[in-house]
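Chains as they are written, first to last, in the numbering used here: chain A, 124 to 403; chain B, 124 to 403. Glycine included, each C-beta is placed from N, C-alpha and C at the ideal position. Below: the structure, in structure tokens.
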DNA sequence: CCTTCTCTAGGTACAGCGTACGTAGAAGCG
DNA sequence: CGCTTCTACGTACGCTGTACCTAGAGAAGG
């Protein structure tokens with residue numbers, strides 16, 4: 124569920140040290156030593172006992188280094204535990220202590236797997252992104268394929284109410300997100316848009332869906348809040364200070380079916396994506 | 124600047140006093156856009172005392188009740204202090220203690236003005252929303268008016284880097300947001316769309332801009348992170364597992380000017396809004 | 001085999017957070 | 001003048017993320 128654009132603006136420059144994982148790559152990336160296309164790293168000084176700085180991106184850290192006792196937990200099981208807590212009690216209930224306890228581990232042991240809490244959230248994000256059922260190849264009907272993706276995302280977001288908030292807070296780029304991205308690019312290949320444009324389209328597409336789901340969640344969260352809101356808006360409308368708001372209120376029909384509203388706007392978004400660029 | 128959702132660093136939703144949300148299995152019930160969902164409660168008529176339960180919405184609480192000693196601070200000064208801290212040191216630096224200290228007040232005194240920290244954030248949100256320069260009436264050129272609003276929002280978001288995260292975290296509906304909403308409705312009146320449809324359009328419009336600004340912020344936040352990301356993506360592309368991603372990478376030109384990218388997608392969004400409904 | 005070194009598990013501790021609660025006094029209303 | 005209601009503020013509690021430390025498990029090198 125990546126909500127990112129290609130990196131814009133400032134380009135990468137010096138990186139004092141970007142330690143390359145010495146042995147096995149993570150199970151999700153290919154057994155491959157970066158030959159030429161990685162401009163980001165300096166060669167690790169040979170013979171140095173410990174690389175002083177680990178990568179910030181958790182996906183660049185190997186899950187297992189092969190030395191010492193074997194870990195009692197896996198990234199998968201950790202993510203599953205955290206997701207269970209979040210599903211049941213909300214994102215706020217996901218604390219390091221809580222997750223560690225759910226795993227039957229000491230609090231600080233968790234830090235052997237997850238250097239910061241942020242990374243725990245990354246694991247959760249990528250785990251649920253794995254819930255997509257991606258067809259092996261695009262069907263040929265771009266609109267249908269996109270609508271399917273959208274409905275899957277909405278479904279996942281409803282299953283995990285904490286998801287939208289997390290997606291909006293930080294870009295996710297785990298292995299499953301890469302898989303999703305690749306599929307999206309495949310689906311939109313027939314549009315004739317370039318790679319960068321399709322990445323932007325993906326950001327727009329996912330952003331809309333995520334925000335819709337997020338709004339659903341906040342609306343569902345508090346009945347009292349909602350009731351007060353209606354009163355407040357009505358009061359504002361009645362004040363005469365906001366004539367167009369008042370008129371929109373008066374014009375508004377019965378509360379629309381959220382699914383209908385979703386499909387309606389989704390249609391607009393897909394159209395916006397499929398429209399050939401005005402200038403590129 | 125109404126839009127929808129948790130803060131970076133330590134984000135959250137769900138409050139302790141409302142531990143009841145749709146459990147885990149069926150959170151599918153979902154209301155929708157500010158229409159008219161549940162008439163549970165009415166706005167307090169003027170003159171009604173509020174001893175038993177204060178409204179959750181801070182805008183429904185009177186700033187001053189006229190009794191007792193006069194407050195030493197105003198909502199405005201509090202919001203200004205908090206915004207100053209957030210601008211200088213980020214949203215995480217905005218704590219009740221910190222804001223109170225900036226005001227020269229005791230920590231707990233702040234709670235006389237702001238019943239919960241959430242409400243402090245509401246005050247901040249509405250204060251910056253007041254930075255819009257709204258013309259007295261639409262110009263008649265819908266596209267131009269919308270583009271102006273979009274660029275103003277982008278400018279405000281760049282001035283206050285914490286804004287997008289907050290905007291995405293919670294809907295804001297303070298007085299300034301109402302003013303903005305009314306203006307947006309006025310601008311889009313010539314489209315012939317109904318009130319509800321224009322509200323949806325506003326959500327889409329603001330959502331896109333907010334997410335764009337948010338992405339800019341996260342990208343600008345960490346150079347190291349960005350460098351690692353490029354390396355990671357390149358590695359993924361080179362792995363052969365993500366052919367379309369690799370191809371998009373190969374096709375991608377130089378990093379695009381963010382302003383250009385913004386205008387390009389904004390154009391698409393505006394077109395999506397202005398397109399008459401396909402079916403309704 | 002033993003040694004050595006790296007890794008893991010876990011405990012303790014700290015600074016900071018939001019905020020419940022209680023007390024003291026100021027200011028408007030009768 | 002009370003009476004009531006408000007403001008100001010200190011103390012304290014439970015919680016957070018996580019820095020740092022101690023043991024001990026187990027593979028690698030001799």
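Not a single CB atom of chain A sits nearer than 8 Å to the CB of residue 242/B. Contact between the segment 227-243 of chain A and the segment 262-282 of chain A is absent, with fewer than three C-beta pairs closer than 8 Å. Close CB contacts of residue 215/A within its chain, under the 8 Å cut and outside five residues either way in sequence, are absent. Against chain A, a Cβ distance below 9 Å from residue 322/B picks out 371 and 375. Ranked by how close their Cα comes to the Cα of residue 325/A, the residues 249/A, 309/A and 337/A have 309/A in first place. Closest in alpha carbon position to residue 250/A, among 286/A, 234/A, 222/A and 350/A, is 286/A. Taking C-beta atoms as the reference points, residue 380/B and residue 297/B fail to come closer than 8 Å. Bounds of the alpha helix (DSSP H) holding residue 274/A are 265-282.
What residue 180/B touches in chain A, judged by beta-carbon distance under 8 Å, is 348, 351, 352 and 355, going in chain order.
In summary, residue 363/A is exposed, with fewer than 16 beta-carbon neighbours lying within 10 Å of its beta-carbon over all protein chains present.
Residue 371/B sits in a helix when the DSSP states are folded into three classes. Straight through space, the alpha carbons of residue 331/B and residue 327/A are spaced by roughly 7 Å. For residue 370/A, the closest alpha carbon among the candidates 186/B, 209/B, 392/B and 304/B is that of 304/B. Nearest CB-CB separation between residue 315/B and chain A: not below the 8 Å threshold. At least one CB atom of chain B sits nearer than 8 Å to the CB of residue 341/A. The beta strand (DSSP E) runs of length 3 or more contained entirely in the segment 188-242 of chain B do not exist; there are none. In the three-state reduction of the DSSP assignment, residue 327/A falls in the helix class.
If only uninterrupted alpha helix (DSSP H) runs of at least 4 residues are considered, those enclosed by the segment 330-393 of chain A are 346-361 and 366-374. Nearest in C-alpha terms to residue 270/B, of all of 219/B, 221/B and 329/B, is 329/B.
Of all residues in the segment 294-308 of chain B, only 294, 296, 298, 301, 302, 304, 305, 306, 307 and 308 come within less than 9 Å of chain A when Cβ atoms are compared, listed by chain position.
Runs of the alpha helix (DSSP H) lying entirely within the segment 285-330 of chain B and spanning at least 4 residues, in chain order: 286-292 and 298-310.
Around residue 213/B, the same chain offers 285 as residues with beta carbons nearer than 7 Å, after the five sequence neighbours per side are excluded. Neighbourhood of residue 365/B in chain A, by CB distance below 8 Å: 301, 302, 304 and 305, in chain order. Shown here, residue 398/B sits in coil according to DSSP, grouped into three states, outside any helix or strand.
Residue 247/A is positioned such that its CB atom lies closer than 8 Å to that of residue 205/A.
Distances from the CA of residue 255/A to each of 306/A, 291/A, 238/A and 237/A were compared; the closest alpha carbon is that of 306/A.
Counting only the Cα atoms, residue 386/B lies some 14 Å from residue 268/B.
Residue environment for residue 178/A: buried (at least 16 other C-beta atoms within 10 angstroms of its C-beta). Taking a beta-carbon distance threshold of 8 Å, residue 312/A counts as an interface residue toward chain B.
Using a CB distance cut-off of 8 Å, residue 257/A does not count as an interface residue toward chain B. The residues 268, 309 and 310, in chain order, have a CB closer than 7 Å to that of residue 261/B in the same chain once the five nearest residues on each side in sequence are set aside. A straight line joining the alpha-carbon of residue 181/B with that of residue 233/B spans about 14 Å. Residue-level contact check: residue 388/B touches chain A, since one or more beta carbons of chain A fall below 8 Å from its beta carbon.
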